[in-house]
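Each remark here refers to the structure printed beneath this line.
In my numbering, the protein residues as written are 4 to 209.
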């Protein structure tokens, strides 16, 4: 992955700035709801990383508004939460293009969030998608089987993992306890090599 590519880094910087603005907006919304958390504490939990909702949740737990971060997401910070705010985004197809441009392997995360799963996967496959999440802590066996079938149908690498954020929620799935079969690693390596080869030998424009 050519992560130091200037255009790629410029896009990441824009995302980071957008996440800071969004986090500040959510803290302000919380304040109007009577939930007072200090921005300095949010940034403390973010440390050297990019600030986000998990750090707001940790500040809320510290301030005594929630027992654990999950509670903060359920009531305030989740997509339907009272203090939720959108962040700047690119389209999924744009994301696929950007990832492949720097030699990465684009993989669809949390596909069950899509309104029209099969149509979305089909569209992203045409855009260059190479893998999709199949294994995830919150998926039951039927969901895993359904997603695995779609991955086979669209020739996508079956990926997944614990989605561990280190927030300390009760029953949180730890790293290494859930994931795809071992052969996924080889499939990802082969896909990365193919992307690199395609980037070094671009198709001529008609």
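Virtual Cβ for every residue (Gly too), placed ideally from N, Cα, C. Keep in mind it's a predicted model, so treat the numbers as computed, not measured.
*Is residue 130 near residue 100, with beta carbons less than 8 Å apart?*
yes
*Please report the Cβ distance between residue 137 and residue 161, rounded to the nearest whole angstrom; I am assuming they are in contact, meaning their Cβ atoms lie under 8 Å.*
4 Å
*Alpha carbon to alpha carbon, how far is residue 135 from residue 104?*
19 Å
*Which class does residue 98 belong to by DSSP, given the choice of helix, strand or coil?*
helix
*What distance in whole Å lies between the Cβ atoms of residue 87 and residue 38, which are believed to be in contact at a cut-off of 8 Å?*
Between residue 87 and residue 38 the Cβ distance is about 13 Å, and since that is not below 8 Å, they are no contact.
*Opposing strand residues paired with residue 110 [DSSP bridges]*: 134
*Could you give the residue range of the alpha helix (DSSP H) that holds residue 50?*
Element bounds for residue 50: n/a, residue is neither H nor E.
_If distances are taken between C-alpha atoms only, which option among 188, 67, 166, 22 comes closest to residue 180?_
166
*Check residue 139 in the structure and name its three-state DSSP category.*
strand
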